[in-house]
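Protein chains in written order, with the working numbering: chain W, 1 to 248; chain H, 1 to 220; chain C, 1 to 201; chain G, 1 to 46. Note that beta-carbon positions come from the ideal geometry of N, C-alpha and C, so glycine has one too. Here the structure is a predicted model, which is why all the values come from computation and not from measurement.
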Amino acid sequence: MNKTFNNLKTFYHKLGSSPWFYKISGITIPYVALFSFLFLSIGIVWGVFFSPTDFKQGDVYRIIYMHVPAASVSQAIYYTMTVAAVVSMIWRMKMAGIFIKSMAPIGASFTFLALISGSIWGQPTWGTWWIWDARLTSTLVLFIFYIAIISLYSSFSEKKSADQAVSILTLVGAVNLPIIKKSVDWWNTLHQPASIKFTESSSISPEMLYPLIISIFGFYLVVLLSGLMAMRAEIAKREINKEWFKNY
Amino acid sequence: MTRLAKRIFYKELVSYKKRSSTYLSPIVFFLITIALYPLALSNDPADLAFLAPGITWICVLLSTLLSIQNIFNEDFEDGSLDIFFSLRVSTLSLVIVKILVNWIFSSLPIIILSSTVVFLLFLPSESLVILLTSLLIGTPVISLFGALAGALSLGKSSILGPAIVLPLSLPILILGTSAVSSFLNGENPSFYFLMMLAIFIFLLPLICYACIGALRLHYE
Amino acid sequence: MLKVDNLSYAYTDKYLFENLNLYLDIKTIIKVSGSNGSGKTTFLKNISGILQDYEGEILYLNENIKDISSPNIFYAGHKNGFKDNLTVGENLKNDLRNPEFDLDKIKNYLNDFGCEISFSTPLGNYSEGQKKKILLSLFASVNADLYVLDEPFSNLDDEGIDCLNEIFRQKVSEGSSIVFTSHENQGKSSQEINIDDFKND
Amino acid sequence: MIYDFNDYNFHVWLVLLITVTLISLNLIVPKIRLNKIKKLKKIDKN
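Here is the structure:
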């Protein structure tokens with residue numbers, strides 16, 4: 001009797017809530033997909049084709065509808081990963097590890113998008129592809145963090161330890177990111193005061209702002225969508241031999 | 001705790017004494033990288049003097065990283081860590097002592113050696129004290145990051161080390177070089193020293209415990 | 001002295017052994033046998049508290065092994081923890097398991113093993129068998145309640161095997177217990193468990 | 001500031017292209033991974 005109870009207990013611990021998540025995410029993915037497609041296409045099409053031309057920068061400014069949302073989600077993804085890292089370290093929750101594993105490549109790709117769109121935007125605006133200003137530098141560091149997390153993960157063969165190692169690195173990175181940002185700011189003021197700012201948020205008109213907000217919303221939804229899909233794939237990969245998955 | 005720390009300290013000292021490559025190779029690395037800059041950039045004393053603080057800092061950063069990222073590897077491979085964990089004593093003393101001994105044997109010689117940049121890179125001699133102070137305060141932080149990277153990538157490829165350590169070290173690099181350049185501009189560099197010290201004090205417990213967690217991971 | 005209750009250990013979702021039960025009394029020697037990769041070393045690391053992510057419970061003197069701050073357990077693994085570039089003396093003197101370094105005692109045991117060892121020679125100069133004898137002399141000279149030894153009989157010549165059996169007898173008569181692994185059925189023991197009996201497939 | 005209106009199409013279209021590629025990659029890659037595993041599962045069952 002005691003033995004079966006113990007077996008049940010370990011069985012429960014091992015499964016965690018992944019079957020539940022797999023089931024629920026399977027149901028919600030079509031809806032999330034629908035809404036993310038809707039918001040993303042409205043936001044970007046409106047912004048790129050129908051919003052008024054900026055009187056200062058001309059049409060190049062339309063990159064804002066992809067650059068600002070990408071920059072916004074790239075930071076937000078790191079924050080959520082930090083929360084997951086804390087959960088994973090304190091409660092050893094398996095799903096938190098799966099979350100970090102799945103979100104890191106997504107975060108890296110959106111940080112990459114933010115960097116490259118900023119650079120493409122910078123070329124016609126300042127005449128240079130790259131400028132060592134505070135914001136670009138800290139975004140680059142964020143990108144390197146994502147890459148480091150991904151490569152650390154792939155260096156472990158045991159999933160359990162990989163999750164914990166990546167959680168430690170994510171947390172240490174999260175503690176250091178504000179310090180890095182602050183120090184890059186000091187460095188920037190010391191070397192060259194920022195003469196041009198990327199977005200002059202004060203002067204943006206409502207016709208330009210609405211599609212931007214919709215686009216940002218769309219980006220968050222598409223991150224949610226790809227996160228759900230990546231987590232599903234990760235769960236399936238890890239639990240391919242589990243009874244529940246075989247019978248699903 | 002203290003008795004144990006003493007024993008670990010002594011053991012580390014003995015093994016460093018026996019393996020001269022562990023403290024000689026960072027020195028060689030440091031000198032050769034310093035020599036690369038004039039060859040690659042320019043031999044004009046004015047140019048080099050302007051770049052000297054940055055070059056020195058980058059070279060110290062890289063050579064510190066070179067030596068520290070393997071500090072746990074040997075103990076992991078020869079079974080010393082198994083024995084250590086079987087004793088069930090505080091891992092904190094192991095981590096701190098190992099970092100400290102590595103700093104004494106690898107970073108300190110390089111810091112002392114870096115005073116040669118006054119001749120090699122024509123650094124204005126009055127700013128040497130500032131440079132050395134910034135290195136003394138800054139390198140322990142880099143050692144902490146390096147130890148963490150070493151603990152995370154134990155027994156694996158060392159390419160992970162730089163990817164983890166270098167982005168984390170940016171603030172120290174910025175503050176360290178800014179201290180020197182602000183001094184050369186006639187300002188008081190104490191702000192940068194205090195900042196670096198604050199970062200060290202803030203990170204010391206955090207990184208040490210992260211190190212312990214990372215070491216434990218390889219025993220799961 | 002040591003009570004192992006429903007011990008299971010999984011490595012990447014595959015159980016090495018499941019529901020292993022064991023009771024070890026004082027003055028006992030247990031031989032752990034099993035095929036290659038069956039988890040003998042893992043089991044030793046579990047009972048000496050090195051690997052703690054097992055399922056089930058391990059009680060040492062009625063206390064959970066995870067909560068004990070310094071159990072008097074001597075662990076000697078397959079990897080001996082010695083450094084080749086240090087001398088034999090430096091290795092032994094600085095071994096963390098060795099609270100009171102007693103040179104004469106170790107020297108006597110080395111003689112018993114029929115081993116000519118100079119303490120000032122680098123350890124790397126000696127063969128695997130000689131290193132084994134140095135490790136076993138260290139084991140013999142340290143006082144512990146429980147000795148956990150991984151493959152103590154491998155790499156040993158006949159003289160060494162007899163000598164080690166004698167040391168085992170002596171340790172047990174002093175009130176200690178010994179757990180060791182062996183895959184070639186060497187060594188005398190009062191009890192034996194086979195890890196392969198606790199596989200579930 | 002330098003404005004180059006002739007480059008308008010190039011810059012915005014380039015960013016749009018990269019955005020669409022990255023977003024679809026983020027969606028397609030997990031989809032393929034999951035489908036692969038599902039296929040494996042089917043083989044196991046038969």
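If the criterion is Cβ atoms closer than 8 Å, does the pair I34 of chain H and I55 of chain H meet it? yes
Is the CB of K251 of chain W under 8 Å away from at least one CB in chain C? Residue 251 of chain W lies beyond the stretch modelled for chain W, which goes from 1 to 248, so this question has no answer here.
Can you check whether the C-beta of E158 of chain W is within less than 8 Å of a C-beta belonging to chain C? yes
Could you tell me whether the Cβ atoms of L152 of chain W and A165 of chain W are closer together than 8 Å? yes
Determine the contact status of Y147 of chain C and F74 of chain C, defining contact as a CB-CB distance below 8 Å. yes
Using the Cβ count rule (16 or more neighbours within 10 Å means buried), how would you classify W132 of chain W? exposed
For the stretch 87 to 100 of chain H, which residues have a CB atom closer than 7 Å to at least one CB atom of chain C, in sequence order? L87, R88, V89
Taking only the alpha-carbon atoms, compute the straight-line gap between I196 of chain W and G127 of chain W and give it to the nearest angstrom. Residue confidence for I196 of chain W is low, a pLDDT of 43 falling below 50, so the modelled location carries little weight and cannot support an answer.
Measure the alpha-carbon distance for N188 of chain W versus K159 of chain W and round it to whole angstroms. 41 Å
To the nearest angstrom, report how far apart L17 of chain G and I142 of chain H are at their CA atoms. 41 Å
Using a Cβ-Cβ distance under 8 Å, would P205 of chain H count as near chain W? no
Could you tell me which chain W residues have their CB closer than 7 Å to the CB of E220 of chain H, listed as they occur along the chain? In chain order: K160, S161.
Indicate whether the contact test is met: 3 or more Cβ pairs, each with one atom in the stretch 79 to 97 of chain H and one in the stretch 33 to 49 of chain H, closer than 8 Å. no
Write down every uninterrupted run of the beta strand (DSSP E) in the stretch 112 to 157 of chain C whose length is 3 residues or greater and which is fully enclosed by it, in chain order. If we require 3 residues or more, the beta strand (DSSP E) runs fully inside the stretch 112 to 157 of chain C come out as 146 to 149.
In chain order, what residues of the same chain lie with their CB nearer than 6 Å to the CB of V87 of chain W, ignoring the 5 residues before and after it? M93, A96
Quick one: which residues of the stretch 106 to 127 of chain C get their C-beta closer than 8 Å to a C-beta of chain W? List them in chain order. Taking 8 Å as the Cβ-Cβ cut-off, the stretch 106 to 127 of chain C has no residue approaching chain W.
If you drop the 5 nearest sequence neighbours on each side, which residues of the same chain put their C-beta closer than 6 Å to that of P71 of chain C? Y60
Suppose contacts are defined by Cβ-Cβ distances below 8 Å. Is T82 of chain W in contact with L171 of chain W by that definition? yes
Looking only at DSSP bridge pairs, what is L113 of chain H linked to? In DSSP, L113 of chain H forms no bridge with anything.
Determine, using beta-carbon pairs with one atom in the stretch 48 to 56 of chain C and one in the stretch 211 to 220 of chain H, whether at least three such pairs fall under 8 Å. yes
Would you say I206 of chain H and G176 of chain H are within 8 Å of each other, going by their C-beta atoms? Looking at the sequence shown, residue 206 of chain H is not Ile but Leu. In this structure, G176 of chain H does not lie closer than 8 Å to L206 of chain H by Cβ.
What residues from chain A crowd round N26 of chain G, counting only those whose CB sits closer than 7 Å? Looking at the structure shown, chain A is missing, and the protein chains on hand are W, H, C and G.
Chain-ordered chain W contacts of I164 of chain H [CB-CB under 8 Å]: A148, L152, L169
Give me, in chain order, the residues of the same chain whose beta-carbon lies closer than 6 Å to that of A151 of chain H; leave out the 5 immediate sequence neighbours on both sides. F72, C211, A214, L215
Does any residue of chain G bring its CB to less than 8 Å from the CB of R135 of chain W? no
8 Å is my cut-off, CB to CB: does T42 of chain C come that close to chain W? no
In this structure, how does DSSP classify Q191 of chain C when only helix, strand and coil are distinguished? strand
If I measure Cβ to Cβ from N165 of chain C and keep anything under 6 Å in the same chain, skipping five residues before and after, which residues do I get? K188
Between the stretch 20 to 40 of chain W and the stretch 212 to 232 of chain W, can you find at least three pairs of beta-carbon atoms closer than 8 Å? yes
For I130 of chain H and F183 of chain H, which I take to be in contact (beta-carbon distance under 8 Å), what is that distance rounded to the nearest angstrom? 5 Å
Between which residues of its own chain and P171 of chain H is the CB-CB distance below 7 Å, once the five residues before and five after are set aside? I199
Does the beta carbon of K42 of chain G sit closer than 8 Å to a beta carbon anywhere in chain W? no
Where N241 of chain W meets chain C, residues with beta-carbon distance less than 8 Å: Those are D13, listed as they occur along chain C.
C-alpha distance - Y38 of chain C paired with S18 of chain W, whole-angstrom precision: Per the sequence shown, the amino acid found at residue 38 of chain C is Ser instead of Tyr. Rounded to whole angstroms, S38 of chain C to S18 of chain W spans 30 Å at the Cα level.
Under 8 Å Cβ to Cβ from F35 of chain W, same chain only, skipping five residues before and after it: list those, please. Closer than 8 Å at the Cβ level, and outside the excluded window around F35 of chain W, lie L221.
Leaving out five residues before and five after S226 of chain W in sequence, what residues of the same chain have Cβ atoms less than 6 Å from its Cβ? I106
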